[in-house]
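Scroll down for the structure; my scribbles are underneath it.
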Amino acid sequence: MTKFIKLGAALALSLAVIAPAEAAIIIVTAGGTLSGGRDDLNTLGLGTDLTGQTVSLVFTFDDATPGAYLDPNSLSGYGPDWTGSGDFSPGSAVVTIGGIDLATLGDYYSNYDVSAQYGAGGAWDTVIASAVDNKFIRDDLGEVIASDWRSVSISAAGLNILTSGNLHQNVDLPLGSANGSFEFYSWNYDPDIWGYNYFISGQLDPQSLNVSIRSLADPNAVPEPSTWAMMLFGFGAVGAAMRRRPRQIFTAA
């Protein structure tokens, strides 16, 4: 996880220079218990049945990502396997299960969106966050022999979740208002080794799922240098604390 914190600190420093006035980094966090889950090959070492495991999800969206596709009501991006022209996704996600981090950088697709408007007052009642990777593994002839798919998503519903269509808001959602799920798997196309390299998936119990949305910048102004300094200090403090607690990082074969 330390490398993610270092990356966040570097990103924050660069945004202090290049971010437009409306730029913001939005963090969507969720935590709860798996109502169902599987790890078919026990890749994580937690057993094949993940039901009951405590899970946290952290989504990060940056609306100043260079080249990212954005529309007025969402932070959406497409990556190299979609457009063939580069990694333009503004979003990423990390799922932590039993102290093991599974990361997806959203280089196939990511989205932070409000999808339904309630009544005429402008309040929104559904929020969706997702980040998906889809990497193709090819042989020397360029033929696809395997695919590494990682997908994380969460949706929250409830009247007047956001006060408007503006995504730059701080919100804490009540229990029972959100659903979350994730999938991580690698699939072989080669008939000689047909099958999964790993398959990990889960669904979070809505009654235990705490969700918060935080915008780390005022959408109406570029933060003062002192604000960025405090953010960078915070990143460093968290990194120092986490170095005292070794964590496992899951990486696909």
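The opening position of the sequence shown corresponds to residue 2 in our numbering, with each subsequent residue numbered one higher.
Using N, Cα and C, we set each Cβ at its ideal position, and we do this for glycine too.
Between the segment 156-172 and the segment 200-209 there are fewer than three C-beta pairs closer than 8 Å, too few to call the two in contact.
For the pair S75 and N112, the CB atoms are nearer than the 8 Å cut-off.
F89 is positioned such that its CB atom lies no closer than 8 Å to that of Y110. Inter-residue distance for I101 and D72 is about 34 Å (C-alpha atoms, whole angstroms). D41 sits close to T49, with the two beta carbons spaced by under 8 Å. In the three-state reduction of the DSSP assignment, Q208 falls in the helix class, which pools H, G and I.
Within a 10 Å sphere around the beta-carbon of V56 sit 16 or more other beta-carbons, which makes this residue buried.
The residues I28, N171, in chain order, have a CB closer than 6 Å to that of R215 in the same chain once the five nearest residues on each side in sequence are set aside. Listed in chain order, the beta strand (DSSP E) runs fully inside the segment 37-84 are 55-63, 75-79, counting runs of at least 3 residues. The beta-carbon separation of S182 and T105, rounded to 13 Å, does not stay under the 8 Å limit for a contact. Non-local beta-carbon contacts of A179 in its own chain, meaning distances under 7 Å to residues more than five positions away in sequence, involve A31, I155, S156, A157, P207, L210, V212 in chain order. Taking C-alpha positions only, V96 is separated from G33 by approximately 11 Å. Judged by DSSP in its simplified three-state form, D108 adopts coil rather than helix or strand.
Inside the segment 167-206, DSSP marks whole beta strand (DSSP E) runs of 3 or more residues at positions 172-174, 179-189, 196-205, from first to last along the chain. In the DSSP annotation of this structure, the continuous segment of the beta strand (DSSP E) that includes A158 starts and ends at 145-163.
Annotated as distal: A132 and S77, with beta-carbon spacing of 8 Å or more. For A94, the uninterrupted beta strand (DSSP E) run begins and ends at 92-98, by DSSP. S187 counts as buried, since no fewer than 16 other beta carbons sit within 10 angstroms of its beta carbon.
Nearest neighbour of L58 by Cα position, chosen from A130, L51, G37, turns out to be A130. Taking every protein chain shown into account, the CB of D173 has fewer than 16 other CB atoms within 10 angstroms, so this residue is exposed. Ranking G166, S36, R139, D140 by CA distance to the CA of D126 puts G166 first.
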